[in-house]
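Here is the structure we will look at, set down as structure tokens.
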Amino acid sequence: IGAHYDHLGHGIMGSLYAGDPAIHNGADDNASGVAALLRIAEELKKGRAKNNNYLFMGFSGEEMGLFGSKYFANNPTINLGKVNYMLNMDMVGRLNEEKVLAVNGAGTSPAWKEAIENLSIGGIQAKTTDSGIGPSDHTSFYLKDLPVLHFFTGQHTDYHKPSDDAELVNYKGLMLVTDYILALIDELDGAGKLAFTKTKDEDEGKRAAAFKVTLGVMPDYVYQGEGMRI
Numbered sequence: 013i014g015a016h017y018d019h020l021g022h023g024i025m026g027s028l029y030a031g032d033p034a035i036h037n038g039a040d041d042n043a044s045g046v047a048a049l050l051r052i053a054e055e056l057k058k059g060r061a062k063n064n065n066y067l068f069m070g071f072s073g074e075e076m077g078l079f080g081s082k083y084f085a086n087n088p089t090i091n092l093g094k095v096n097y098m099l100n101m102d103m104v105g106r107l108n109e110e111k112v113l114a115v116n117g118a119g120t121s122p123a124w125k126e127a128i129e130n131l132s133i134g135g136i137q138a139k140t141t142d143s144g145i146g147p148s149d150h151t152s153f154y155l156k157d158l159p160v161l162h163f164f165t166g167q168h169t170d171y172h173k174p175s176d177d178a179e180l181v182n183y184k185g186l187m188l189v190t191d192y193i194l195a196l197i198d199e200l201d202g203a204g205k206l207a208f209t210k211t212k213d214e215d216e217g218k219r220a221a222a223f224k225v226t227l228g229v230m231p232d233y234v235y236q237g238e239g240m241r242i
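Laid out in structure tokens, this is it:
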């Protein structure tokens, strides 16, 4: 269960802000994910989901190209063959009024969609996509043939700008998202080993993980209108 803790510093690299260098605090991207990680760890420590052991990991270097998660996946301190799945929280602090939560990677195991369909938590509407490839740390684990999910509350105009600050975080929504993830963990605690399903050509995935060339935009995964909003 992971989340990246790095951001952009003064925004010298990766910023979408056109002004003078300024501190980019990254409240949503990704202090929100780290907060979710810590709360989930706290709750599981109380004795929930007793059938499995859970490893919690904060990744660095995500904004530069998934460096931290990629390094761990290539140099694991545990046997990856014994890992059941990986959950990634990246930008989970802006749950909208409709409570739409993007859940990416639902096609990486047959178990995911059934488990997600069984959940009813605080009115959250899960909008799933199948691919295990995306611009966040779950990609590193998908490329090791592990089922993955990436939780994401959506794009906003403060993305990679100094304005991504704490006062704009939806804290009640963040609690709902963590409740949702905890319920999913509970749902799968007795399910045994999840089967892995490849959703994209592996070579394509490796090229995507390199991030050597980007357009500087991100799809709005929770948008439900026509076309693709970025």
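Under the working numbering, the first residue of the sequence shown carries the number 13, and numbering increases by one thereafter. Virtual Cβ for every residue (Gly too), placed ideally from N, Cα, C. Since this is a predicted model, take the numbers as computed values, not measurements.
Of the choices the options, whose alpha-carbon is the least far from that of residue i?
i: I193; options: I136, K173 and T120; result: I136
i: A53; options: E74, L99 and P159; result: L99
i: D149; options: A47, G185 and G73; result: G73
i: R241; options: A178, D32, Q167 and E110; result: Q167
i: A127; options: E55, V181 and G204; result: G204
i: A178; options: F71, H22, D41 and K94; result: D41
Kindly give me the distance between the Cβ atoms of residue i and residue j, rounded to whole angstroms, as I take these residues to be in contact under 8 Å.
i: D198; j: G134; result: Not really, about 15 Å apart at Cβ, beyond 8 Å.
i: A207; j: A123; result: 7 Å
i: H36; j: L50; result: Not really, about 21 Å apart at Cβ, beyond 8 Å.
i: Y66; j: I13; result: 6 Å
i: A48; j: D201; result: Actually they do not touch by this definition, with Cβ atoms about 18 Å apart.
i: D157; j: G38; result: With 8 Å as the limit, D157 and G38 do not qualify as a contact, their Cβ atoms being about 31 Å apart.
Let me check one thing: in DSSP terms, what residues is residue i bridge-paired to?
i: G14; result: M69 and N100
i: Q167; result: Per DSSP, none; premise fails for Q167.
i: A114; result: K139 and F164
Return the chain-ordered list of same chain residues with a C-beta closer than 6 Å to the C-beta of residue i, the five sequence neighbours on each side being excluded.
i: N116; result: T141, G146 and H162
Mark residue i as exposed unless 16 or more other C-beta atoms lie within 10 angstroms of its C-beta, in which case mark it buried.
i: T89; result: exposed
i: N63; result: exposed
i: R11; result: This structure does not reach residue 11, given that the chain is present from 13 up to 242, and the question cannot be answered.
i: F71; result: buried
i: G80; result: buried
Which residues in the same chain have their Cβ closer than 7 Å to the Cβ of residue i, if we skip the five residues on either side of it in sequence?
i: T211; result: G119, T120, D142, S143 and G144
i: V160; result: Y97, M98, N100, G117, T120, G144, H150, F153 and Y154
i: V104; result: S44, G45, A48, F163, F164, T165, L186 and V189
i: E75; result: D18, H19, L20 and G26
Which same chain residues, not among the five before or five after residue i, have their C-beta less than 8 Å away from its C-beta?
i: L28; result: Y171, H172, K173 and G228
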